[in-house]
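These notes are about the structure you will find just below.
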Amino acid sequence: MNIAQTRKTYKAIWSLLVLMGATLQSSDNGANPGGIYSFGNYPVDTTEISICRQDIRFIGSNIKRLVRLERLDLSHNKLESLPSEIGELKNLRCLDLGYNQFESFPTVIGKLENLYVLELYKNNLESLPDVIGKLKNLGMLNLGNNKLETLPPVIGELEDLGILYLHENNLKTLPDVIVKLRKLHDLYLSNNKLETLPAKLEELENLSTLSLDENNIKTLPDVIVKLRNLRGLYLNDNKLETLPAAIGELEHLRELNL
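Taking mature numbering (1 follows the signal peptide of the UniProt record, and there is no 0), I'd label the letters of the sequence shown as residues -24 to -1, 1 to 234.
Structure below.
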């Protein structure tokens, strides 16, 4: 399935980002030879910044000047950490840190309680800290293409989450609390090591897309037929021998990939 296609739903939030980024970047792009990016040349009322593919290793502490910043795209760089000052950007709604070199989740992100979109795909994350549970307003969280082996119980506190990307990690199980994400409609879990699914999966009543390709699943729980809003169920390359007898009761199902 085309994961990128669904991302467009939330990536629409970035619709003006590219245009704004071209306008906002200074001619020397703010980076010095050491890979430190300075925000000293940006107007204090800047709301959107895109600085991708510039080999940035460090973010200057003067980013704290930009208190009105709402959208920040730092993807495709060489970042390993974020300065504590980024936690002062209380108006930040969208943060893209994809394709960087983070080995641990930047805990300062926990201070950005108004975040709606957080992208940390294609990094080297092995675990998530409990501070992620503070991001109560998240609507989309992309943690695909990392090295996650487990999810913390606080993941169940992200009750406004609509789209969750966890594809291409090392997950063997999902915490039962994931069923608390009642607003979740797209869940991507392909290319992991899952063998089972949460027992109360039916509580994800708004789930529309469930991607489980390339795991180690042998059986599906019977409760999966209670996901009445399910439109896409993707199960390629698993170890399934049978399907629940009532699978035909999923009346809205449009795609079933086996």
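Each residue gets a CB set at the ideal place from its N, CA and C atoms; glycine is no exception.
Where do the ends of the beta strand (DSSP E) carrying residue 210 lie?
Residue 210 -> beta strand (DSSP E) spans 208 to 210.
Answer with buried or exposed for residue 93, where buried requires no fewer than 16 other C-beta atoms within 10 angstroms of its C-beta.
It counts as buried.
Residue 19 to residue 113, Cα distance in whole Å?
Within the model, the alpha-carbon separation for residue 19 versus residue 113 is close to 27 Å.
When we look at the beta-carbon of residue 150 and count the other beta-carbons within 10 Å, is it buried (16 or more) or exposed?
Buried: at least 16 other Cβ atoms inside 10 Å.
Whole-angstrom distance between residue 145 and residue 97, CA atom to CA atom
One alpha carbon belongs to residue 97, the other to residue 145, and they sit about 10 Å apart.
Nearest-angstrom Cα distance between residue 228 and residue 137?
Taking the straight line joining both Cα atoms gives about 22 Å.
With which residues is residue 144 paired in a DSSP beta bridge?
Looking at the DSSP assignment, residue 144 forms no beta bridge with any residue, so it has no partner.
From what residue to what residue does the beta strand (DSSP E) around residue 185 run?
For residue 185, the enclosing beta strand (DSSP E) covers residues 185 to 187.
Kindly indicate which three-state DSSP category residue 41 falls into: helix, strand or coil?
Here residue 41 sits in helix by DSSP.
Just to confirm my understanding: we take residue 208, look at its own chain, exclude 5 residues before and 5 after, and list those with CB closer than 6 Å. What are they?
Hits under 6 Å: 185, 231.
Grab the span of the beta strand (DSSP E) containing residue 93 for me, first residue to last.
It spans 93 to 95 - the beta strand (DSSP E) in which residue 93 sits, taken as one unbroken run.
Output yes or no for whether 7 Å exceeds the beta carbon distance between residue 257 and residue 83.
Since the first residue shown for the chain is -24 and the last is 234, residue 257 is missing from the structure and cannot be characterised.
Same chain only: Cβ atoms within 8 Å of residue 161, ignoring 5 sequence neighbours per side:
In chain order, 138, 139, 182, 183, 184, 185, 205 place their CB closer than 8 Å to the CB of residue 161, counting only its own chain and leaving out the 5 sequence neighbours on each side.
Name the two residues that bound the continuous beta strand (DSSP E) containing residue 26.
For residue 26, the enclosing beta strand (DSSP E) covers residues 24 to 26.
Assigned exposure category for residue 29 - 16 Cβ within 10 Å defines buried:
Classification for residue 29: exposed.
Length of the line joining the Cα atoms of residue 148 and residue 24:
About 38 Å.
Enumerate in chain order the residues of its own chain whose CB-to-CB distance from residue 219 is below 7 Å, with the five nearest sequence positions on each side excluded.
Only 196 meet the Cβ criterion.
Under three-state DSSP, which class holds residue 200?
Residue 200: helix per DSSP, three-state reduction.
The beta strand (DSSP E) with residue 237 in it runs from where to where?
A query on residue 237 cannot be resolved here, the shown segment of the chain reaching from -24 to 234 and no further.
To the nearest angstrom, report how far apart residue 53 and residue 11 are at their CA atoms.
Taking C-alpha positions only, residue 53 is separated from residue 11 by approximately 10 Å.
Rounded to the nearest angstrom, what separates residue -4 and residue 190 at their Cα positions?
Because the pLDDT at residue -4 is just 41, under 50, the model does not fix this residue reliably, and the value given afterwards should be weighed accordingly. C-alpha separation (whole angstroms): 37 Å.
Run the CB neighbour count on residue 16, radius 10 Å, all protein chains shown included, and call it buried at 16 or more, exposed below.
Per the 10 Å Cβ criterion, exposed.
What separation, rounded to the nearest whole angstrom, lies between the Cα atoms of residue 179 and residue 103?
The alpha-carbon atoms of residue 179 and residue 103 are separated by roughly 25 Å.
Option in 44, 77, 61 with minimal Cα separation from residue 31:
Taking the Cα of residue 31 as reference, the smallest distance to any Cα among 44, 77, 61 is reached at 77.
Would residue 142 pass as a contact of residue 111 if the rule is Cβ separation under 7 Å?
Result no, Cβ atoms of residue 142 and residue 111 do not sit closer than 7 Å.
Report yes if the CB atom of residue 95 is closer than 7 Å to the CB atom of residue 74, and no otherwise.
Less than 7 Å divides the Cβ of residue 95 from the Cβ of residue 74.
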